[in-house]
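Just below is one structure, and these are the notes that go with it.
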Amino acid sequence: MDQALDNRLDNRLDRKTTRRTRLLFAATVALAMALSPVFFLHELLIGALGLVGTGIATREREGRIARVATVVFAGLLAGSLPYLVLAALT
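Oh and the sequence shown: position 52 is 51 in numbering that gives the first Met the number 0, straight run, nothing missing.
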């Protein structure tokens, strides 16, 4: 019975964490897209290098800070990609 209760609590915490992660990613993408017409190359570089850096740094230890950093760098990268595609097409 304790195991079932633990599983339910874990699922509830996972959903809350997933929701927060999605909101953080959406906010970062929106901010990056708002700044991207001027800084999209910088955001692309920072996002790519940040994702690689957090991947290397979190190889040994994974935690909340690493997850937040990964989401922020992924949001920067995702926010700059539409402008990169538009620049390639024009």
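Don't be surprised by glycine CBs; every beta carbon is placed ideally from N, CA and C.
- request: Determine the closest residue to ILE45 out of TYR82, LYS15, ALA77 and PHE72, with distance taken between C-alpha atoms.
  value: Ranking TYR82, LYS15, ALA77 and PHE72 by CA distance to the CA of ILE45 puts PHE72 first.
message: Between which two residues does the alpha helix (DSSP H) holding ARG63 run?
response: From DSSP, the alpha helix (DSSP H) with ARG63 extends over 63-88.
query: Pairing CB atoms from the stretch 50-65 with CB atoms from the stretch 30-40, are three or more of them under 8 Å?
result: Judged by Cβ distances under 8 Å, the stretch 50-65 makes no contact with the stretch 30-40, as fewer than three pairs qualify.
- request: Decide if LEU43 is buried, meaning its Cβ has at least 16 other Cβ atoms within 10 Å, or exposed.
  value: With at least 16 other beta carbons inside 10 angstroms of its own, LEU43 counts as buried.
task: Work out the CA separation of SER35 and ALA47 for me, nearest whole Å.
output: Each residue's Cα considered, the two are about 15 Å apart.
query: Would you call VAL84 buried or exposed, if buried means 16 or more other Cβ atoms sit within 10 Å of its Cβ?
result: It counts as exposed.
query: Hey, how far is the Cα of SER79 from the Cα of PHE39?
result: Rounded to whole angstroms, SER79 to PHE39 spans 5 Å at the Cα level.
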